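Report on the structure given below.
Protein chains in written order, with my numbering: chain A, 135 to 769; chain B, 9 to 175; chain C, 754 to 856.
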């Protein structure tokens, strides 16, 4: 079973080979990234097959750990833990990863730094796989940070432009806020248990003092909120869409942002030990699911619609886990990863074809992009939660779990979010694919781009049927959706789609949207201003911070520089005193020596041309000769 | 990770440090060279960890990776008038090659001859707490002298690098 | 696989040799300083490794490495200040442009 360790190592190796190469060579060997992730996919399939028949109560199928260092009495180790949860995540990450890499071969082939793009994408996959397989929180945190780095690099991939550069900094700093919480949580955890191992920590979580458990759980949740873009740390994700679209599909939709959800699912015993933390998780998820969905409904940029939709769906997962439906949340994570990456890849084709991201300038693409319109449609229906596509099953399980646990308010919020989701999905699809054609020279994507979309669409269409098996695999009783629940959620979703069609699909009059805008009035402004989150941060955090930094720098200039200059001045006076002493006493002696030196120096003058580098070579040559002499002479 | 050195970790770190050094010497862009040096420093910090010298590992990262590399980049930045100046022609030195060849031979002979005088790794593990205690008792005087050296260097650096014509 | 002292000594020798080559071959003063740093690090690695193998309790090598770090930090600070000062006079950081050091 040691081959499991190869799953993250293969892509990591591919990155290690690609990174030091020159740009030209790296561009030529970009297939290495695809090969690395492809190898990881094959191994993941084998690993999954080895776990599959068992699925016994979430037991680990393979567990190994290698110590790497001991720091001040603390053992640090890297470990591999393959359990059903990890096995499923492995498949999700590698399948989506391979699809995105193959797609990128077509999408990015004209970029002059395509090799670096593939290298970072591969490193990201390696980090995500390491995170999924890690058996302790420390390795988890390391992989977590590497992913943050890759995300930064990919958002800012076109760093010659202003927007991606700013977006990458914003993403990095915002997630950093969450990471600080995560790090403090880890410190408290270590102080409590003296270990980072999942086994030890999670096994003892039930016996912690409730206050400690709550503190650790909330801090971990804070980290997860940063990574998974939950309100109020969601502001970076929409801006992150400035990166290349396939990278957005892999990182900012399917996998990395799901790492936060995965963290909560992994650390679930701590959350359960606290209780309060679970309620907070649910509340954060519910708020995010609704707010994100509402924001998605007013965006005009295709990718931003999908970005806010991602925020909203991640909120759904948090909501599910908080309400006690961890399995449902994880299932939604899996289905969401497939259909959201499918939607993003479709958006990439659309943007390539229409040369714009603004859906107001699109329309009638269905005739020109038949394959994309169908696959995008499948993804959209799955997102809206329409039978029999994957989103229907997972959303249904979440609703069922929330209802069963008795959170009726949350249930209502979740239903509202589902309604809004269906609405903006319909708005997106009808706006882009129906109505009058507004752009020329439309062309379907390359084969490399369409095949991965087809694969993802096929998975999206059928994966929902595995819902009962999924629960059993993770060690819970499986069940088919409750008919009443299925009907009610379907009615909600269909009515949302119908409203979207009524507003955007019926006719293509711009008047329609304007009337909707006028009718909603003030609310619309609030939504287009993104609830003023960015503005608030700008006013209350960034500006005061800049002011504080400026005054600090003034202090630095006046006080610290003054101290240093003062010291320098004192030193100068000291040397002056020394100088007068020097002149009288020492000079006399030195002059005598100097006369002798000058006489011999004249002879040596020929090798002293005054060039520093020549001198330096003599010194180093002499050093080597000295060593030679010592070694030859023997000690 | 105490009584022996992890072979895999050693090979990885050795590869990283040598690779970084080669990268530093072969890259034509001086800014890239500074980053390659940074990589070497971090890798060597990892090697210190393998040798159970945790304090040194942290100091290594702080001083070399943190301070020295940043200083290098600052000086590069201050002395580059245009972005293109950072790219330099490849410089090959035959004299340097001969020098290194001689040095390498000497070192090879030396290690082959005397390398096995040092035996296997002792079971006793260096202790960071003991290091701190020794540093402020037995090594207190050198420690103070070192701080004086740093102070003088600081003043000297400020003196040399400041703008002014009275020099 | 056991890693003995020779492995560390060999690694340090390779790093030192690379630094030596850089110090001789490169013409930019900053690059030379970087190469010197590389050599200092190689020496430190040697001392820490030998300290681990020979004096694990006294940690003599580690103390030496600490003081070497102090000296090389001072050296790099002064060296870079010098580079700046020279740059201001000659508008160049090429070592070949520093040729006024003759008697």
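For glycine and all other residues, C-beta sits at the position ideal for the given N, C-alpha and C.
Since the structure is predicted, the reported quantities are computational estimates derived from the model, not experimental observations.
Closest in alpha carbon position to residue 572 of chain A, among A:608, A:161 and A:501, is A:501.
Boundaries around residue 216 of chain A are those of the beta strand (DSSP E), 208-216, since no alpha helix (DSSP H) includes it. Shown here for residue 438 of chain A: same chain residues with a beta carbon closer than 7 Å to its own, the five before and five after excluded, namely 372 and 375 in chain order. Distance from the CA atom of residue 84 of chain B to the CA atom of residue 783 of chain C, rounded to whole angstroms, is 7 Å. Taken atom to atom, the span from the alpha-carbon of residue 553 of chain A to that of residue 334 of chain A is near 42 Å.
As for any alpha helix (DSSP H) of minimum length 4 sitting wholly inside the stretch 69-95 of chain B, the runs are 77-86, ordered along the chain. Against chain A, the CB of residue 126 of chain B has no partner CB under 9 Å away; the residue lies outside that interface. For the options B:80, B:69 and B:70, the alpha carbon positioned closest to that of residue 830 of chain C is the one of B:80. One Cα belongs to residue 256 of chain A, the other to residue 250 of chain A, and the distance between them is close to 10 Å. Contact between residue 291 of chain A and residue 383 of chain A does not hold, since the beta-carbon distance rounds to 14 Å and is not under 8 Å.
For residue 84 of chain B, the nearest CB of chain C lies under 9 Å from its own CB, placing it at the interface with that chain.
Cβ-Cβ distances below 7 Å link residue 161 of chain A to 248 and 249 in the same chain, with the five nearest sequence neighbours on each side left out; the list follows chain order. For the 9 Å CB-CB criterion, residue 241 of chain A and residue 380 of chain A form a contact. Listed along chain A, the residues sitting closer than 7 Å to residue 118 of chain B by beta-carbon distance are 765. For residue 372 of chain A, the enclosing alpha helix (DSSP H) has its first and last residue at 370-373. Look at the stretch 790-823 of chain C: the residues with a C-beta under 8 Å from a C-beta of chain B are 790, 791, 794, 797, 798, 801, 802, 803, 804, 805, 806, 807, 809, 810, 811, 812, 815, 816, 818, 819, 820, 822 and 823. At a cut-off of 4 residues, the continuous stretches assigned as alpha helix (DSSP H) that sit fully inside the stretch 9-71 of chain B are 15-34, 38-58 and 62-68.
The Cβ atoms of residue 517 of chain A and residue 443 of chain A lie closer than 9 Å to each other. Residue state for residue 578 of chain A is assigned as coil, using DSSP reduced to three classes. Each residue's CA atom was taken as its position, placing residue 493 of chain A and residue 387 of chain A some 20 Å apart. Residue 360 of chain A and residue 43 of chain B have their C-alpha atoms roughly 29 Å apart. In chain order, 60 and 61 place their CB closer than 7 Å to the CB of residue 134 of chain B, counting only its own chain and leaving out the 5 sequence neighbours on each side.
In the structure shown, residue 298 of chain A falls within a helical segment according to DSSP collapsed to helix, strand and coil.
By the CB criterion at 9 Å, residue 418 of chain A and residue 365 of chain A fall inside the cutoff.
Following the DSSP letters along the chain, one finds residue 747 of chain A inside the alpha helix (DSSP H) bounded by residues 746-767.
Taking one beta carbon from each stretch, the stretch 777-794 of chain C and the stretch 156-167 of chain B have fewer than 3 pairs nearer than 8 Å; the two do not touch. Under the three-state reduction of DSSP, residue 200 of chain A is assigned to strand. With respect to chain B, the C-beta atom of residue 850 of chain C has no partner C-beta closer than 9 Å. Two segments are said to touch when three or more pairs of C-beta atoms, one from each, lie closer than 8 Å; by this definition the stretch 392-411 of chain A touches the stretch 451-465 of chain A.
The C-beta of residue 773 of chain C comes closer than 9 Å to at least one C-beta of chain A. At a C-beta separation below 7 Å, residue 160 of chain A has no neighbours in chain B, since its nearest C-beta there lies roughly 14 Å away.
Contact of residue 750 of chain A with chain C by beta-carbon distance below 9 Å involves 776, 777, 785 and 848. In the structure shown, the three-state DSSP call for residue 99 of chain B is coil.
Within the model, the alpha-carbon separation for residue 706 of chain A versus residue 749 of chain A is close to 30 Å.
Secondary structure at residue 329 of chain A: coil, using DSSP grouped into helix, strand and coil.
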